[in-house]
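Student: Residue numbers for the sequence shown follow the working numbering, so the first one is 26 and each next one is one higher. Attaching a single structure in structure tokens format; questions to follow.
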Amino acid sequence: MRKRWTFWWMVNLLWIVIFGAGTAFIWLREVDGAGVIQTPEAKFAAFIVLLVALIFPIIIQVIWLIANLVMNSNKKYKSA
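In structure tokens, the structure reads:
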């Protein structure tokens with residue numbers, strides 16, 4: 026049980042680091058790969074795309090959290 030929670034937190038930390046690095050990359054760059062100067066509006070649009078891309082892993086993490094909680098509560102009732 027402890028391993029499941031530890032791994033869940035490690036994966037969450039990984040997603041937070043990826044999101045933070047992606048956000049920093051978007052907001053700190055002056056020119057994108059095509060050579061277009063990045064305006065605040067273009068940076069915001071790229072940030073929204075990053076958020077949309079991370080919705081799927083967030084959904085998986087929430088399902089994993091619910092599964093961990095259910096398995097944890099089942100073990101409490103079985104041992105009592």
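For each residue, glycine too, the CB sits at the ideal point set by N, CA and C.
1. Assess, as a yes-or-no matter, whether the region 92-100 is touched by the region 54-66 under the definition of 3 or more beta carbon pairs within less than 8 Å.
2. What are the residues that DSSP puts in a beta bridge with I62?
3. Between the C-alpha atoms of A71 and I51, what's the straight-line distance to the nearest angstrom?
4. When the Cα atoms are used, what is the spatial distance from A49 to I85?
5. Would you report the Cα separation of I73 and W89, rounded to the nearest angstrom?
6. Taking 7 Å as the threshold (C-beta atoms), are R27 and N93 in contact?
Tutor: Taking the definition as stated:
1. no
2. In DSSP, I62 forms a bridge with V56.
3. 7 Å
4. 24 Å
5. Per the coordinates, the alpha-carbon of I73 lies some 25 Å from the alpha-carbon of W89.
6. no
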